[in-house]
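Read the structure below first, then the notes.
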Amino acid sequence: MSLHNSPDKKYLNLLDEYTGTKVVFGEGAFAQLGEHLLLERIDRASFVFGGKNSYIGSGLCKSFTHMISGFDIDSPNVTEVPPEPDCNDVRRIVEAFREQQPQVVVAAGGGSVMDAAKAAYLSWQTGLDVSELFGVDVASTRFPDKTFKRVICIPSTSGTGSEVTPYSNIVDPETKVKRLIMEKQIVPEYAFVDHCFTKTMPPSLTVTTALDALVHSIESFLNTKSPTAHPASDEWAIESIKLIRYALPFVMNGSSDLLYREMLSAGATLGGMCIACRPTSLPHLCSFSLYGQIPHGLAVAGFLPMFWRYYLADEAVRKQTMRLAGIFESEMPQTTPESVVDAAERFILRFAKPLELSAETIAKIASDASGNPMKLTSAPRPVSLENAAVVITSILSVKGQA
Ligand SMILES: [Fe+2]
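Start counting the sequence shown at 1; every next residue gets the next number (this note's numbering).
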């Protein structure tokens, strides 16, 4: 299907529609960060990066060194973040900020890096420990008259969308569970999205991040009951799904054409815009229980078709699903919502093995889900707290159809 044979780059206009973050997109976006810092007369900036492999391998190191040499930043301080950062990692970054007193914070890396920097910058400015920030708009509620400075993001992967979201996932080191900060004051101020940094991602990371972004867009699109949707979020989601569905097979077949990387980056940032205003639901909820066992993108992609079929009992979801007919390939015309889900599942199975969940794992997921009543009751087909364990167990016990 030639969805983008002569790309009109519609996504460039859609990325401009987002008011939460100023998105600077495309090859060379990074160079504009330097101009931004010059214009703002910044002489104290803190830079938060991932491990050396991603920092050097993605080309960020080279670009960063070149940019810094171009003007006079007093203290180009760099703090490294490990994968899956916990509260102690965030506290370490806050300590660095205390010493550095930055005028701006730049987070360059994958979702972990951006999430940690977002949490640390708010923690430093509010004086609240990161553990006190978990929950919804805690800082905004504690300091209703204050506006805090927000980070600048440079994603080096194409998946999480953290560069435009109000979310930060941080591991609680005591319980080893990921916890969420949802706070409007951590939506990044700027995102410089340069897909050139993603071209050295290994295939496994390309797949898991792309599938994460795809699921963000689909889950958000199906979440028809959410009261917070932006009027254009359906269009953002459809474009994101088309971009990822089209570009991922080319990239995974070894194409080095940067246009496909550009499409994946645009799809991921659009996916982030979608979930920023209309969140994910049960697939993401269930993936939290598999943290550390299965890469996040593979987990949510594995869960998606099972819950999507469950959601189809809702008439609004059936109608919304039909708007995706034909995006994913199938031999027969997609005339029912069930056939659309089957086609989407077949696409996912080209890149990810089906989830194999033991009875014990299913029981744990069902039990953990009860701890998140908000995601259960706001799902496209809501699940009551009392029925959560039974409903989720029965959904996860059904084998896939594709
Ligand atoms: Fe995700």
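From the three backbone atoms N, C-alpha and C, an ideal C-beta is built for every residue, glycine too.
For TYR121, the first and last residue of its enclosing alpha helix (DSSP H): Locating residue 121 in the sequence shown gives position 121, where the first residue counts as 1. It spans 111-126 - the alpha helix (DSSP H) in which TYR121 sits, taken as one unbroken run.
Identify whether GLY135 lies in helix, strand or coil by the three-state DSSP scheme. Sequence index remark: in the sequence shown, residue 135 carries index 135 (1-based). Looking at GLY135 - three-state DSSP - the assignment turns out to be strand.
Sequence-distant residues of the same chain with beta carbon closer than 6 Å to LEU290, five excluded per side: Counted from its first residue, the sequence shown places residue 290 at position 290. Here the set comprises ALA299.
In this structure, does DSSP put ILE56 in helix, strand or coil? In the sequence shown, the residue the question calls residue 56 occupies position 56. Residue state, collapsed to three classes: helix.
How about GLU212: is its Cβ closer than 7 Å to a heavy atom in ligand 1? Residue 212 sits at position 212 when you count from the first residue of the sequence shown. Sequence inspection shows Asp at residue 212; the Glu mentioned does not correspond to that position. At least one heavy atom of ligand 1 sits closer than 7 Å to the Cβ of ASP212.
I think LEU312 touches LYS375, with their Cβ atoms under 8 Å apart; what is that distance to the nearest whole Å? Here residue 312 corresponds to residue number 312 of the sequence shown, with the count starting at 1. Here residue 375 corresponds to residue number 375 of the sequence shown, with the count starting at 1. Contact doesn't hold; Cβ gap of about 19 Å is too wide.
Start and end residues, alpha helix (DSSP H) containing ASP314: Numbered from its first residue, the sequence shown carries residue 314 at position 314. Counting along the chain, no alpha helix (DSSP H) covers ASP314, and no H or E run does either.
Using the Cα positions of ASP137 and MET332, report the straight-line distance between them to the nearest angstrom. Along the sequence shown, one-based indexing puts residue 137 at 137. Along the sequence shown, one-based indexing puts residue 332 at 332. Their backbone Cα atoms lie some 47 Å apart in a straight line.
Between VAL164 and ligand 1, is the CB less than 7 Å from at least one heavy atom? Translated into the one-based positions of the sequence shown, residue 164 becomes position 164. Because no heavy atom of ligand 1 lies under 7 Å away, the Cβ of VAL164 does not count as near it: no.
Neighbourhood of ILE362 by C-beta distance below 7 Å, restricted to the same chain and skipping five residues each side: As a working note, residue 362 is residue 362 in the sequence shown. Around ILE362: THR393, LEU396, SER397.
Is VAL207 near ligand 1 - that is, is its Cβ less than 7 Å away from at least one heavy atom of it? Walking along the sequence shown from the start, residue 207 turns up at place 207. Between ligand 1 and VAL207, a heavy atom-to-CB distance of less than 7 Å is absent.
In terms of alpha-carbon separation, which member of GLY110, THR79, PHE49, MET114 lies closest to ARG98? Taking the sequence shown and counting its residues from 1, the one referred to as residue 98 is at position 98. The closest CA to that of ARG98, considering only GLY110, THR79, PHE49, MET114, is found on THR79.
Whose C-beta lies closer than 8 Å to the C-beta of LEU357 among residues of the same chain, with five residues either side of it excluded? Residue mapping note: residue 357 aligns to position 357 of the sequence shown, counting from 1. Closer than 8 Å at Cβ, skipping near neighbours: ILE365, LEU396.
Any chance the CB of VAL340 is under 7 Å from a heavy atom of ligand 1? Within the sequence shown, the letter at position 340 stands for residue 340. No, the beta carbon of VAL340 sits no closer than 7 Å to any heavy atom of ligand 1.
For PRO305, is the classification buried or exposed, using 16 other Cβ atoms within 10 angstroms of its Cβ as the cut-off for buried? For the purposes of this step, residue 305 is taken as the residue at position 305 of the sequence shown. With 16 or more other Cβ atoms from the protein chains shown falling within 10 Å of its own Cβ, PRO305 counts as buried.
Since HIS195 contacts GLU27 with CB under 8 Å, what's their CB separation in whole angstroms? As a first step, residue 195 must be located in the sequence shown, where it is residue number 195. As a first step, residue 27 must be located in the sequence shown, where it is residue number 27. The Cβ separation is near 7 Å, so the contact holds.
When you measure from the CB of HIS296 to every non-hydrogen atom of ligand 1, does any distance come out below 7 Å? Counting from 1 along the sequence shown, the entry for residue 296 is found at position 296. Taking non-hydrogen atoms of ligand 1 into account, the C-beta of HIS296 is found less than 7 Å away from one of them.
Verify whether the separation of the beta carbon atoms of VAL130 and ILE186 is less than 8 Å. Within the sequence shown, residue 130 is the residue found at index 130, counting from 1. Within the sequence shown, residue 186 is the residue found at index 186, counting from 1. Against a cut-off of 8 Å, the Cβ pair of ILE186 and VAL130 comes out as no contact.
Could you give the DSSP three-state label for TYR18: helix, strand or coil? Taking the first residue of the sequence shown as 1, we reach residue 18 at position 18. It is coil, neither helix nor strand.
PHE30 to LEU211, Cα distance in whole Å? For the purposes of this step, residue 30 is identified with residue 30 of the sequence shown, where counting begins at 1. For the purposes of this step, residue 211 is identified with residue 211 of the sequence shown, where counting begins at 1. Going by the C-alpha atoms only, they are around 25 Å apart.
Quick one: what does DSSP say MET182 is sitting in, helix, strand or coil? Working through the sequence shown from its first residue, we reach residue 182 at position 182. DSSP, read as helix, strand or coil, puts MET182 in strand.
Nearest to ALA232 by alpha carbon, out of GLU17, LYS9, ASP8, LYS10? Residue mapping note: residue 232 aligns to position 232 of the sequence shown, counting from 1. With respect to the C-alpha of ALA232, the residue from GLU17, LYS9, ASP8, LYS10 having the closest C-alpha is GLU17.
From what residue to what residue does the alpha helix (DSSP H) around ILE218 run? Reading the sequence shown from its first residue, position 218 is the one you call residue 218. Element bounds for ILE218: 203-222.
Are the CB atoms of SER281 and ALA420 within a distance shorter than 8 Å? Residue numbering for the chain in the displayed model covers 1 to 402; residue 420 lies beyond these limits and cannot be assessed.
Quick check: what's the CA-CA separation for PHE48 versus ALA316? Within the sequence shown, numbered from 1, the residue matching residue 48 stands at position 48. Within the sequence shown, numbered from 1, the residue matching residue 316 stands at position 316. Note on residue identity: the sequence assigns Val, not Phe, to residue 48. One Cα belongs to VAL48, the other to ALA316, and the distance between them is close to 43 Å.
According to the Cβ coordinates, are ALA268 and GLY109 closer than 8 Å? For this step, residue 268 is matched to residue 268 along the sequence shown. For this step, residue 109 is matched to residue 109 along the sequence shown. No; because the gap between Cβ atoms is not below 8 Å, this pair is not in contact.
Please report the straight-line C-alpha distance between ILE348 and PRO249, rounded to a whole angstrom. Your numbering for residue 348 matches position 348 in the sequence shown. Your numbering for residue 249 matches position 249 in the sequence shown. For ILE348 and PRO249, the distance between alpha carbons rounds to 11 Å.
Just reading off the alpha helix (DSSP H) that TYR246 is part of, what are its end residues? As a position in the sequence shown, residue 246 is number 246, starting the count at 1. Residues 233-252.
Determine contact between the segment 114-125 and the segment 224-231, defined as no fewer than three beta-carbon pairs at a distance below 8 Å. Verdict: no, contact absent.
Continuous beta strand (DSSP E) stretch holding ASN169: start and end: Taking the sequence shown and counting its residues from 1, the one referred to as residue 169 is at position 169. Bounds of the beta strand (DSSP E) holding ASN169 are 167-172.
Under the assumption that LYS118 contacts VAL164 (Cβ atoms under 8 Å), give the Cβ distance between them as a whole number of angstroms. Locating residue 118 in the sequence shown gives position 118, counting from the first residue. Locating residue 164 in the sequence shown gives position 164, counting from the first residue. About 11 Å; that fails the 8 Å criterion.
How is VAL90 classed by DSSP in three states: helix, strand or coil? Start at 1 with the first residue of the sequence shown, and residue 90 comes out as number 90. VAL90: helix per DSSP, three-state reduction.
Where SER140 and VAL383 are concerned, what is the direct C-alpha to C-alpha distance, given to the nearest angstrom? As a working note, residue 140 is residue 140 in the sequence shown. As a working note, residue 383 is residue 383 in the sequence shown. Each residue's alpha carbon lies about 29 Å from the other.
Using DSSP with H/G/I as helix, E/B as strand and the rest coil, what is PHE64? On the sequence shown, residue 64 is found 64 positions in, with the first residue counted as 1. In the structure shown, PHE64 sits in a helix (DSSP, three-state: H, G or I).
When the Cα atoms are used, what is the spatial distance from VAL193 to ALA344? Here the question's residue 193 lines up with position 193 in the sequence shown. Here the question's residue 344 lines up with position 344 in the sequence shown. The alpha-carbon separation between VAL193 and ALA344 amounts to approximately 27 Å.
Taking SER46 as part of the beta strand (DSSP E), name the residues at either end of that continuous run. Residue numbering aside, residue 46 sits at position 46 when the sequence shown is read from its first letter. Judged by DSSP secondary structure, SER46 falls within the beta strand (DSSP E) whose first and last residues are 45-49.
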